[in-house]
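Structure first, commentary second.
There are 2 protein chains.
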Amino acid sequence: MFTKVLVSEDMDDINKGVYTLLSELGIKEIHQVQYCDDAYLKIKKAVLDAAPYQLLITDLYFKTDHREQRFLSGEDLAKALKEVYPALKIIIYSVEDKIQKVRTLINTYGIDAYVCKSRRGLKELIKAIEAVSKNQTYLSPEVETALSKKTDLEISDYDIELLKQLSLGYSKDEISEIFKKNSITPSSVSSIEKRQNKLFIQFKANNAINLVAIVKDLGLI
Amino acid sequence: MFTKVLVSEDMDDINKGVYTLLSELGIKEIHQVQYCDDAYLKIKKAVLDAAPYQLLITDLYFKTDHREQRFLSGEDLAKALKEVYPALKIIIYSVEDKIQKVRTLINTYGIDAYVCKSRRGLKELIKAIEAVSKNQTYLSPEVETALSKKTDLEISDYDIELLKQLSLGYSKDEISEIFKKNSITPSSVSSIEKRQNKLFIQFKANNAINLVAIVKDLGLI
DNA sequence: TTTTATAATACGGATGTCCGTAAGGAATTG
DNA sequence: CAATTCCTTACGGACATCCGTATTATAAAA
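From first to last, the protein sequence lines are chains B and D. Each residue of the first sequence is one higher than the last, beginning at 405 in the numbering used here. Each residue of the second sequence is one higher than the last, beginning at 405 in the numbering used here.
Here it is in structure tokens:
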């Protein structure tokens, strides 16, 4: 079992709940931060001090306030940490239950567990901690389809960028120009439309308006 | 100060935090529920027993699970309660910080305070409780512009319905037909476009795609 | 290098959107 | 009652989108 754990969560009340839980599990060193940047610095320092954290439990979304932050979300934080310290286990503990987001976190960034905050959230968190300590990954029931589902729909960065530009209200011509300026390829109007048509099919959308509405609900943009 | 308070919040960890806070404020009777329906029943019963609650603190969003619920959100609950028991004070305690939603809750349903969950959420909650006990309304800083802002943009039910149909991917012709079937007036394509143009201006949208993206972000649909 | 496959671009036509103007109705006011 | 105002509806032109097909470019295989 883990002996040194960091909890990154902006809301003080939730933070307290998780802290209590970890104490009950017999974990000796439990530290808490309310900002992603603090989490990164603490983890970095602990490594330099030869006493690294074994586990990070972090929320996904952090309210922004006056403090300027390098990492704006648990996603940014997890991505950066897994690149530098791949040995560090990371559990995401968030209310978010969008499958696509979970899929990215697991497949692309390599996080170890994803637990949805809910009525039984703390109990799920226990399961996750136990699984991760055995080098397993864990997904709480709400999102466990994220991996099982074979339809790894392969939404590329290009698709996301296209959807963003659409949602900002740019026409196909304008998006084509923007892509050319930013050296994003393919950039022709025709290719953009072709890619959009694929998205129509994938998301069962009737038109561009519908498409943007759907991917907004999915949390892709 | 209040002596009998009900807390309605699905997440157990947060619920615990609020409970502790109320205890520290010296409130004697504090009860907790994790479902809106339970809140409604408890409040109703307390009235029948001639020992009514004076204050309800409720979250806005509740995760749905196997239990069938009459009230799906704190909004539904607050609306129903204010109709039947207008004397009951209601504080909404939610992460949601969409101005338009707060505005509706205050102006239409008559809730007494709105506190955004955040790093300082519990401290704001104290202020809200004190204000409400003096028959004042309270809004935490994140949303206090909801009332001061004169631009009560007057988004009508018609507008919301139109935006919904757009987001579902229907063409103007189809929406016109739908409106005619449902006796929603005006229903001509021309009028629908005219109304849409107003929305373009209000939300500074470039086209329908952009418009739907914006109102989705605002939480209007 | 040539052949083949794959991806990117160009183009055209049917349809939909955007936006201005104008005509017809209903309610308000003098 | 007529006049005015406000709202709904109708129509048309410029433009954008959607979607099919055809052509060109790029990369991989023979």
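Glycine residues also receive a C-beta, built at the ideal position from the N, C-alpha and C atoms.
Where the beta strand (DSSP E) through residue i begins and ends
| i | result |
| --- | --- |
| B:E581 | Here B:E581 belongs to no beta strand (DSSP E); instead the alpha helix (DSSP H) covers 576-585. |
| D:D433 | Correcting the residue identity first, residue 433 of chain D is Glu in this sequence and not Asp. Element bounds for D:E433: 433-437. |
| B:L459 | 459-462 |
Own chain partners of residue i with C-beta closer than 8 angstroms, once the 5 adjacent residues on each side are dropped
| i | result |
| --- | --- |
| D:D416 | Q438 |
| D:E597 | K576 |
| B:L429 | M405, I530, I533 |
| D:E546 | D501, C520, S522 |
| B:Y562 | I588, R599 |
| D:G478 | S412, C440, T462, D463, L464, Y465, F466, I496, S498 |
| D:K584 | S591 |
Endpoints, the alpha helix (DSSP H) within which residue i is located
| i | result |
| --- | --- |
| D:L481 | 478-488 |
| B:I618 | 612-622 |
| D:E565 | 561-571 |
| D:L445 | 440-452 |
Where residue i sits in the DSSP three-state scheme
| i | result |
| --- | --- |
| B:L410 | strand |
| B:K553 | Because B:K553 sits at a pLDDT of 49, beneath the cut-off of 50, its placement in the model cannot be relied upon, and the following sentence gives the value as read from the coordinates. Coil at B:K553, not helix or strand. |
| B:E500 | coil |
| B:K521 | coil |
| D:Q606 | helix |
| D:Y542 | strand |
| B:Q473 | coil |
| D:K467 | coil |
| D:S594 | helix |
| B:I418 | helix |
| D:I625 | coil |
| D:T424 | helix |
| D:I494 | strand |
| B:I530 | helix |
| D:L429 | coil |
| D:A455 | coil |
| D:I510 | helix |
| B:I515 | coil |
| B:M405 | coil |
Close-in-space but distant-in-sequence residues of the same chain around residue i (CB under 7 angstroms, 5 per side omitted)
| i | result |
| --- | --- |
| B:T555 | For B:T555, the pLDDT reaches just 43, beneath the cut-off of 50, and the residue's location in the model is therefore unreliable, although a value from the coordinates is still provided. So no residue of the chain qualifies. |
| B:V593 | K576, D577, S580 |
| B:E388 | What the structure shows of chain B is the stretch from 405 to 625, and residue 388 of chain B is not part of that stretch, so it cannot be assessed. |
| B:Q473 | Y439, C440, D441 |
| D:K531 | Y542 |
| D:A484 | Y444, F475 |
| B:I618 | F607, A609 |
| B:A450 | P456, Y457 |
| D:K448 | none |
Partner residues on chain B for residue i, Cβ-Cβ distance less than 8 angstroms
| i | result |
| --- | --- |
| D:R523 | D414, M415, D416, Q438, K467, D469 |
Neighbourhood of residue i by C-beta, 6 angstroms cutoff - its chain only, sequence neighbours within 5 removed
| i | result |
| --- | --- |
| D:K408 | E433, Y457, Q458 |
| B:A482 | I494, Y513, I515 |
| D:A535 | Y542 |
Neighbour list for residue i in chain D, Cβ cutoff strictly below 7 angstroms
| i | result |
| --- | --- |
| B:G573 | A609, N610, N611, I613, N614 |
| B:L526 | D416, D417 |
Interface residues of chain B facing residue i [CB-CB closer than 7 angstroms]
| i | result |
| --- | --- |
| D:L570 | I613 |
Under 8 angstroms from the C-beta of residue i: neighbouring residues of chain D
| i | result |
| --- | --- |
| B:G421 | D416, D417, I418, K420, G421 |
Amino acids of chain B, ordered along the chain, whose beta-carbon sits closer than 9 angstroms to that of residue i
| i | result |
| --- | --- |
| D:K620 | S571, V616, A617, K620, D621 |
Residue i: CB within 7 angstroms of a non-hydrogen atom of the ligand COA
| i | result |
| --- | --- |
| D:F604 | Looking at this structure, you won't find the ligand COA or any other ligand, since it has none at all. |
Evaluate contact between the stretch 565-572 of chain D and the stretch 612-619 of chain B, counting only Cβ atoms and requiring at least three cross-stretch pairs below 8 angstroms. The answer is yes - the stretch 612-619 of chain B touches the stretch 565-572 of chain D, with three or more Cβ pairs under 8 angstroms.
I want to know whether the stretch 516-533 of chain B touches the stretch 484-504 of chain B - three or more CB-CB distances under 8 angstroms. Under the three-pair Cβ rule at 8 angstroms, the stretch 516-533 of chain B counts as touching the stretch 484-504 of chain B.
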